Amino acid sequence: TSSSLRFRSRLLKIKVAQKKVKKAFENADSSSRVELIPSKIKYANKVVLSFHKEFAVFSSLSRKGNDGLLQDQVFKNKEEERDDLLEKVATLESATTSKEAELASLSSQGTKLTADLSGFQLSHDELNFKMASLKFKRDCLATQKNSLKAAFKTFKERIEALQDDQAKALGDRDGLKVGTNHKKARRDLSVVKAYDPSAEGKYVDAVNALSAIDFSLLSELESKKDTEDDVVFSKTSLSSSLKIISLRVQRFREEAKEKRLSLTDVMTLFIEPLSSKSLTGEANTSAAPITTLLTTFASFVIIPPNQALDAEPHGEDPPLVTFDKEELSTSPE
C-alpha cells in the first residue's frame with residue numbers, strides 16, 4: 001500500500017495546484033485571464049495525463065492486492081475525480097473560446113478608434129493648413145488694397161497736375177489764337193467759343209428749352225377769354241366766382257414761380273461756361289478777374305388774370321432772349 005499512499009499524496013498535490021490556479025484565475029483581470037487560459041489548459045491536460053498514468057499503475061497494483069473492496073472504492077473515487085477534471089477542462093476550453101472572441105472584438109474596436117483618431121488628426125491638420133492659407137491670402141489682399149490706394153492717390157495727383165497744365169496751356173494757346181491780352185479786352189461769343197467750343201451749342205439748347213416751356217395756365221386763360229359772361233355765372237354766384245378767380249390767381253402765381261425756377265435751372269448750363277473762371281481759368285485770390293460776360297434775361301412779369309383774359313390771341317414766336325455785353329475795368333494778373 002505504499003503505492004496507495006503515493007497515489008493519495010499525488011491526488012492531494014493535484015487538488016492544491018488546482019486551488020492555486022483557480023485563485024490566480026479569479027484574481028486576474030480579463031486580459032490576464034485570456035493569457036492564462038492556454039497555460040491552464042496545458043497544465044490541466046498534463047495533470048490529467050499524469051493522473052491517467054498513475055491510475056493505470058494503481059489499477060494494475062490493486063488487482064494484485066488482496067483487499068479488492070478498498071481498491072474498487074479508490075478506483076471509483078479516481079474515476080469521479082477524472083470526470084470532474086475533464087469537465088473543468090471543457091469549461092476552460094469554452095471560456096477560452098469566448099475570451100478569444102471578446103479579445104478579437106476589442107482589438108477591432110481599438111483598431112477602429114485608432115483609425116478615427118488618425119482621421120481626426122488629419123482633418124485638424126488640414127483645417128489648420130486652410131486657416132493659415134486664408135490668413136496669408138487676407139494679408140496679401142490687405143497689402144494689395146494699400147498698394148492700390150497709394151497708386152490711386154499718386155495717379156489722382158498726377159492727373160490733377162496734368163489737367164492743370166493742360167488747362168493752363170490751352171488757355172495760353174487760345175488766348176494767343178484769338179488775340180486776347182490780359183489787360184483789357186472786349187470779349188464776345190467768338191472768344192467764348194474759342195475757350196469753350198460747346199458754348200454755342202449750350203446757348204442754342206438753353207434758348208430752345210426756354211421756348212419749349214409750356215405755361216398751361218396761360219393757355220387755359222387764353223382758351224376761356226372769349227367765353228360769355230352768362231356761361232361763367234350761370235351756375236355760380238358772384239361770391240363763388242370771386243373765390244374761383246382768387247384761387248386761379250394764386251395757382252397762376254405758384255406756377256409762374258415754378259416755371260421761373262425751372263428756367264433758372266435750364267440757363268445755369270449756359271451761364272456757367274460763360275463765367276470768368278471758365279474763360280480765364282483759376283484766378284489769383286488777391287487779383288480781380290480779367291473780365292466777365294454779363295448776361296441779362298428779360299424778366300418775366302406776372303400778367304394779372306384780367307389782362308390775360310383781355311389779351312388777343314396771336315401765333316407769333318416767343319420773344320428772343322438777348323444778351324447785353326458790358327465792359328469791366330480789370331487789372332493785370
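Yeah, the sequence shown ends on 333 if you go by the UniProt record's numbering, and it's all consecutive.
Every residue gets a Cβ at the ideal spot worked out from N, C-alpha and C, and that includes glycine.
Nothing here was measured: the structure is a model prediction, and the numbers come from that model.
The straight-line gap separating the alpha-carbon atoms of residue 154 and residue 254 is approximately 51 Å. Straight-line measurement puts the Cα of residue 123 at about 36 Å from the Cα of residue 147. Around the C-beta of residue 117, fewer than 16 other C-beta atoms lie within 10 Å, and the residue is accordingly described as exposed.
Residue 111 and residue 100 have their C-alpha atoms some 16 Å from each other.
Here residue 92 is buried: its Cβ has 16 or more other Cβ atoms, across all protein chains shown, within 10 Å.
If you draw a straight line from the Cα of residue 113 to the Cα of residue 125, it is about 18 Å long.
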